[in-house]
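> Below is one structure. I have some questions about it.
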Amino acid sequence: MHRFEITMPYYGDFAQMQAAVRSVLAQNGADWRLTVVDDGREPGVPEWFEALADPRVRYFRNERNLGVTGNFNRCLELAEAEYVVLMGCDDLMRPSYLDVVRATADREPEAAMIQPGVEVIGSDGLPYDTLADRTKRKLYAPKGPGRALLGGEELAVSLLRGNWLYFPSICWRLDAVRRYGFRADLGVIQDLALVIDLLVAGETLATTPEVCFSYRRHAESESSAKAYTGHRFEEAKRFFLETADRLEAFGWPQAAKVARLHLSSRLHALTLLPGAARHAGRPGVSAMLRHAAR
Numbered sequence: 004m005h006r007f008e009i010t011m012p013y014y015g016d017f018a019q020m021q022a023a024v025r026s027v028l029a030q031n032g033a034d035w036r037l038t039v040v041d042d043g044r045e046p047g048v049p050e051w052f053e054a055l056a057d058p059r060v061r062y063f064r065n066e067r068n069l070g071v072t073g074n075f076n077r078c079l080e081l082a083e084a085e086y087v088v089l090m091g092c093d094d095l096m097r098p099s100y101l102d103v104v105r106a107t108a109d110r111e112p113e114a115a116m117i118q119p120g121v122e123v124i125g126s127d128g129l130p131y132d133t134l135a136d137r138t139k140r141k142l143y144a145p146k147g148p149g150r151a152l153l154g155g156e157e158l159a160v161s162l163l164r165g166n167w168l169y170f171p172s173i174c175w176r177l178d179a180v181r182r183y184g185f186r187a188d189l190g191v192i193q194d195l196a197l198v199i200d201l202l203v204a205g206e207t208l209a210t211t212p213e214v215c216f217s218y219r220r221h222a223e224s225e226s227s228a229k230a231y232t233g234h235r236f237e238e239a240k241r242f243f244l245e246t247a248d249r250l251e252a253f254g255w256p257q258a259a260k261v262a263r264l265h266l267s268s269r270l271h272a273l274t275l276l277p278g279a280a281r282h283a284g285r286p287g288v289s290a291m292l293r294h295a296a297r
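Residues 4 to 297 (the numbering used here) make up the sequence shown, in order.
And the structure:
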């Protein structure tokens, strides 16, 4: 039995996926396996994996397109290790990634989530510092020692104020995430929903500062496309208001208040106004302003 299952839900750029796979193959140790789950029909992909012929790699192609959330859940179904990573198919692991999360898992075995240090890169692979990432670091991410074990309402408040996690870099304890899975009715904010489910269940997050993962941010992402039309924010508002009611009933009034306000989501809509005007015209601008005003 492998200790770490690195899953890669794939749909998109073939070359970036190949680079992502190679970055996984550079990991140390014999306690891991890579499982790629192809949700597309890009020609040549099955043949490339067949030629790769690496016993550490499994490749599956879905019979039909499952969509982002459906493919995430398919990855969880196929995972068999103690820990699972749902790595973006355009992201890169540094050679030290598994060394870092392995040491953190040994130090904090009860943690359901491990968030290592992350560098943000652009489409060209170079460091890329955006307003969103600066805001994560300076306003929302916890201050103090880089190594911490966090949980409860305090962490829920922090993440609902502004989600400072980098979902594709997180290493999850499989038994914990399988208990809930990803909500089928969410297409963009499903990662935060899962984290809130885990926190309500009493699970914890371990953080460690060592930078060992490169997260690629570019305008062509699923979340960016939906943001310009307002779809992302319609989903976000529904999630935050539902979560506010849930946390109020659970006895976390501060977290409920922050969720109901969802200020960072509303401010984010304002920052996207220029892009909405360019890509979606008046309907996009109206959608941004409606979300920001609520």
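Using N, Cα and C, we set each Cβ at its ideal position, and we do this for glycine too.
Keep in mind that this is a model prediction, so the values were computed, not measured.
Suppose you measure from the CA of Pro171 to the CA of Leu152; what does that come to, to the nearest Å?
Locating residue 171 in the sequence shown gives position 168, counting from the first residue. Locating residue 152 in the sequence shown gives position 149, counting from the first residue. Between the alpha carbons of Pro171 and Leu152 lies a distance of about 19 angstroms.
> Buried or exposed: Ser289, going by 16 or more other Cβ atoms within 10 Å of its Cβ?
As a first step, residue 289 must be located in the sequence shown, where it is residue number 286. Burial call: exposed.
> Below 6 angstroms CB to CB, which residues in the same chain sit around Asp136 once its five sequence neighbours on both sides are set aside?
One-based indexing of the sequence shown puts residue 136 at position 133. Hits under 6 angstroms: Val123.
> Excluding five sequence neighbours on each side, which residues of the same chain lie with their C-beta closer than 6 angstroms to the C-beta of Thr107?
Stepping through the sequence shown from its first residue, residue 107 is reached at position 104. If the five residues before and after Thr107 are omitted, its C-beta is found closer than 6 angstroms to the C-beta atoms of Ile117, Ala209 and Thr211, all from its own chain and listed in chain order.
> Counting only the same chain and skipping the five closest in sequence on each side, list residues whose C-beta sits under 8 angstroms from that of Glu225.
Stepping through the sequence shown from its first residue, residue 225 is reached at position 222. Only weak support is given to the placement of Glu225: the predicted model assigns it a pLDDT of 45, under 50, and the value that follows is read from those uncertain coordinates. Closer than 8 angstroms at the Cβ level, and outside the excluded window around Glu225, lie Val71, Gly190 and Val191.
> Taking the beta strand (DSSP E) that Met11 belongs to, which residues open and close that run?
Your numbering for residue 11 matches position 8 in the sequence shown. Run containing Met11: Phe7 to Tyr13, per the beta strand (DSSP E) assignment.
> For Glu50 and Asp42, what's the separation of their Cα atoms in angstroms?
For the purposes of this step, residue 50 is identified with residue 47 of the sequence shown, where counting begins at 1. For the purposes of this step, residue 42 is identified with residue 39 of the sequence shown, where counting begins at 1. C-alpha separation (whole angstroms): 15 angstroms.
> Specify whether the stretch 15-28 and the stretch 89-103 touch according to this definition: at least 3 beta carbon pairs, one from each stretch, less than 8 angstroms apart.
yes
> Is the Cβ-Cβ distance between Leu79 and Val40 less than 8 angstroms?
Position 76 of the sequence shown, counted from the first residue, corresponds to residue 79. Position 37 of the sequence shown, counted from the first residue, corresponds to residue 40. Contact flag unset, no.
> Can you tell me which of the three DSSP states Glu225 falls into?
On the sequence shown, position 222 is the one that residue 225 refers to. Confidence at Glu225 is low in this model, with a pLDDT of 45, below 50, so the placement of that residue is unreliable and no value is reported for it.
> What residue range is occupied by the uninterrupted beta strand (DSSP E) comprising Trp35?
Here the question's residue 35 lines up with position 32 in the sequence shown. Taken as a continuous stretch (DSSP letters only), the beta strand (DSSP E) holding Trp35 covers Trp35 to Asp41.
> With Phe170 as the anchor, note down where its alpha helix (DSSP H) starts and where it stops.
The count along the sequence shown starts at 1 and reaches residue 170 at position 167. First-last for Phe170: undefined, no H or E at that position.
> Please classify Lys141 as buried or exposed, where buried requires at least 16 other C-beta atoms within 10 Å of its C-beta.
Locating residue 141 in the sequence shown gives position 138, where the first residue counts as 1. Lys141 is exposed by the Cβ-count criterion.
> At which residue ranges does the stretch 39-81 contain complete beta strand (DSSP E) runs of 3 or more residues, listed in the order of the chain?
60-64
> His234 to Ala279, Cα distance in whole Å?
Looking up residue 234 in the sequence shown gives position 231. Looking up residue 279 in the sequence shown gives position 276. The alpha-carbon atoms of His234 and Ala279 are separated by roughly 12 angstroms.
> Across which residues does DSSP place Gln118 in a beta bridge pair?
As a working note, residue 118 is residue 115 in the sequence shown. Answer is Thr210.
> I need the boundaries of the alpha helix (DSSP H) containing Val180, first residue and last residue.
The residue you call residue 180 lines up with position 177 of the sequence shown. Element bounds for Val180: Leu177 to Arg181.
> Thinking just about the alpha-carbon of each residue, which of Leu168, Phe216, Tyr218 and Arg220 is nearest to the one in Ile199?
Counted from its first residue, the sequence shown places residue 199 at position 196. Checked all of Leu168, Phe216, Tyr218 and Arg220; the closest Cα to Ile199 is Leu168.
> How far does the alpha helix (DSSP H) with Leu202 in it extend, from its first residue to its last?
For this step, residue 202 is matched to residue 199 along the sequence shown. Gln193 to Val203 is the extent of the alpha helix (DSSP H) around Leu202.
> Alpha carbon to alpha carbon, what distance is there between His221 and Leu276?
In the sequence shown, residue 276 corresponds to position 273, counting from 1. In the sequence shown, residue 221 corresponds to position 218, counting from 1. For Leu276 and His221, the distance between alpha carbons rounds to 17 angstroms.
> Would you kindly check if the distance between the Cβ of Ala115 and the Cβ of Trp35 is under 8 angstroms?
Locating residue 35 in the sequence shown gives position 32, counting from the first residue. Locating residue 115 in the sequence shown gives position 112, counting from the first residue. Not in contact: Trp35 and Ala115 (Cβ atoms no closer than 8 angstroms).
> Given a threshold of 16 other Cβ atoms within 10 Å of its Cβ, counted over all protein chains shown, does Pro112 qualify as buried or as exposed?
Position 109 of the sequence shown, counting from 1, holds the residue named residue 112. Pro112 is exposed by the Cβ-count criterion.
> Report back the beta-carbon spacing between Leu37 and Val24 to the nearest angstrom; my notes put them in contact at under 8 angstroms.
The sequence position of residue 37 within the sequence shown is 34, counting from 1. The sequence position of residue 24 within the sequence shown is 21, counting from 1. The pair is a contact, with the Cβ atoms about 7 angstroms apart (cut-off 8 angstroms).
> Suppose you measure from the CA of Asp109 to the CA of Val87; what does that come to, to the nearest Å?
In the sequence shown, residue 109 corresponds to position 106, counting from 1. In the sequence shown, residue 87 corresponds to position 84, counting from 1. Near 15 angstroms, if we compare the C-alpha coordinates of Val87 and Asp109.
> Buried or exposed for Gly128, going by 16 or more other Cβ atoms inside 10 Å?
In the sequence shown, counting from the first residue as 1, residue 128 sits at position 125. When all chains shown are included, Gly128 counts as exposed.
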